[in-house]
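Asks:
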Amino acid sequence: METPPIPEAAIAAACAAALAHLRMAATNEAAVLEQAAATAFAVCETFTGHALIARDWQAVVPAAASWTPLPVQPVTAITRVEGLPAEGSAFPLPAGNHAIDLTADGVGWVKAMLPGSAGRLRICFRAGLAEAWETLPAPISQGMVLLIAHLFASGSAGGEPPAAVAALWRPWRRLRLAPEVRR
Numbered sequence: 004m005e006t007p008p009i010p011e012a013a014i015a016a017a018c019a020a021a022l023a024h025l026r027m028a029a030t031n032e033a034a035v036l037e038q039a040a041a042t043a044f045a046v047c048e049t050f051t052g053h054a055l056i057a058r059d060w061q062a063v064v065p066a067a068a069s070w071t072p073l074p075v076q077p078v079t080a081i082t083r084v085e086g087l088p089a090e091g092s093a094f095p096l097p098a099g100n101h102a103i104d105l106t107a108d109g110v111g112w113v114k115a116m117l118p119g120s121a122g123r124l125r126i127c128f129r130a131g132l133a134e135a136w137e138t139l140p141a142p143i144s145q146g147m148v149l150l151i152a153h154l155f156a157s158g159s160a161g162g163e164p165p166a167a168v169a170a171l172w173r174p175w176r177r178l179r180l181a182p183e184v185r186r
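Note that the working numbering has the sequence shown beginning at 4, numbered continuously upward.
Below, the structure is given as structure tokens:
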């Protein structure tokens with residue numbers, strides 16, 4: 004599964020928030036700041052287990068008769084299910100041949116009841132906590148600002164990020180101790 008890029012508007016808004024935090028009007032190192040913002044988004048998504056900004060995703064899963072969870076959360080919509088045969092082109096899987104479900108905690112589930120020649124399914128879906136930077140939960144965006152500012156200010160010197168970053172993100176962290184099973 005390939006991660007879709009963070010929208011440019013979200014990167015720009017995160018950079019503006021980090022500049023405000025650093026009390027800087029502008030910088031001639033915009034590319035460095037944008038890289039720090041992109042890195043902070045990736046680190047936050049990995050740490051929390053959530054897609055932050057809503058975007059369109061695709062995942063390929065086995066065409067199993069049991070429920071299979073989608074690998075990204077929170078899922079807000081499953082838009083298309085296609086069958087992928089061992090050879091040949093993908094084909095739309097009719098609605099009666101598969102089932103989909105979204106749980107209240109944002110997990111998307113799919114199962115193939117009659118997959119036909121498909122050994123795998125390609126699922127197209129939308130996932131993300133917020134539609135834009137401005138609508139992210141405050142602890143998430145504040146942690147992002149702190150991390151972006153740290154990455155930008157420390158440059159290649161590195162160093163440990165502020166402990167407040169993990170403290171702000173920890174309540175949003177999604178951990179899996181065992182594979183989810185649904186019957």
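Here a beta-carbon is modelled for each residue, glycine too, at the ideal position from N, C-alpha and C.
Given the structure is predicted, the values throughout are model-derived calculations rather than measurements.
(1) Report the rounded CA-to-CA distance for R129 versus G109, giving the unit in angstroms.
(2) Report, in whole angstroms, the separation of the C-beta atoms of L124 and L149, which I expect to be a contact under 8 Å.
(3) Out of P88, K114, G158 and E134, point me to the one whose CA is closest to A10's CA.
(4) Going by Cα to Cα distance, which pick from I81, T106, S92 and A107 is closest to A98?
(5) Within 8 Å of any Cβ in chain D, is that where the Cβ of P118 sits?
(6) Measuring CA to CA, which of L22, A166 and R26 is closest to G33?
(7) With a 10 Å radius around its C-beta and 16 neighbouring C-beta atoms as the bar for buried, classify P72 as buried or exposed.
(8) How should S144 be labelled, buried or exposed, when 16 other C-beta atoms within 10 angstroms of its C-beta is the threshold for buried?
(9) When the distance is taken between beta carbons, is V64 closer than 8 Å to I126?
(10) Between which two residues does the beta strand (DSSP E) carrying G145 extend?
(11) Take the Cβ of G158 as the centre, count every other Cβ of all protein chains shown within 10 Å, and call the residue buried at 16 or more, exposed below.
(12) Which residue marks the beginning of the beta strand (DSSP E) containing H53, and which one marks its end?
(13) Counting only the same chain and skipping the five closest in sequence on each side, list residues whose C-beta sits under 8 Å from that of E5.
Replies: Quick look at the numbers:
(1) Taking the Cα positions, R129 is about 11 Å away from G109.
(2) At roughly 40 Å, the Cβ-Cβ gap does not stay under 8 Å, so L124 and L149 are not in contact.
(3) For the sequence presented, residue 10 should be read as Pro rather than Ala. P10 has its Cα closest to that of E134, out of P88, K114, G158 and E134.
(4) I81
(5) This model lacks chain D altogether; it includes just one protein chain.
(6) The sequence as given places Ala at residue 33; Gly does not occur at that position. Out of L22, A166 and R26, L22 has the C-alpha closest to the C-alpha of A33.
(7) buried
(8) Only buried fits S144, as 16 or more other CB atoms lie within 10 angstroms of its CB.
(9) In contact: I126 and V64 (Cβ atoms closer than 8 Å).
(10) The question names Gly, but residue 145 in the sequence shown is Gln. Premise fails: Q145 lies in the alpha helix (DSSP H), A141 to S157, not in any beta strand (DSSP E).
(11) exposed
(12) Segment: none, H53 is in no beta strand (DSSP E) and carries neither H nor E.
(13) The answer, listed in chain order, is Q61.
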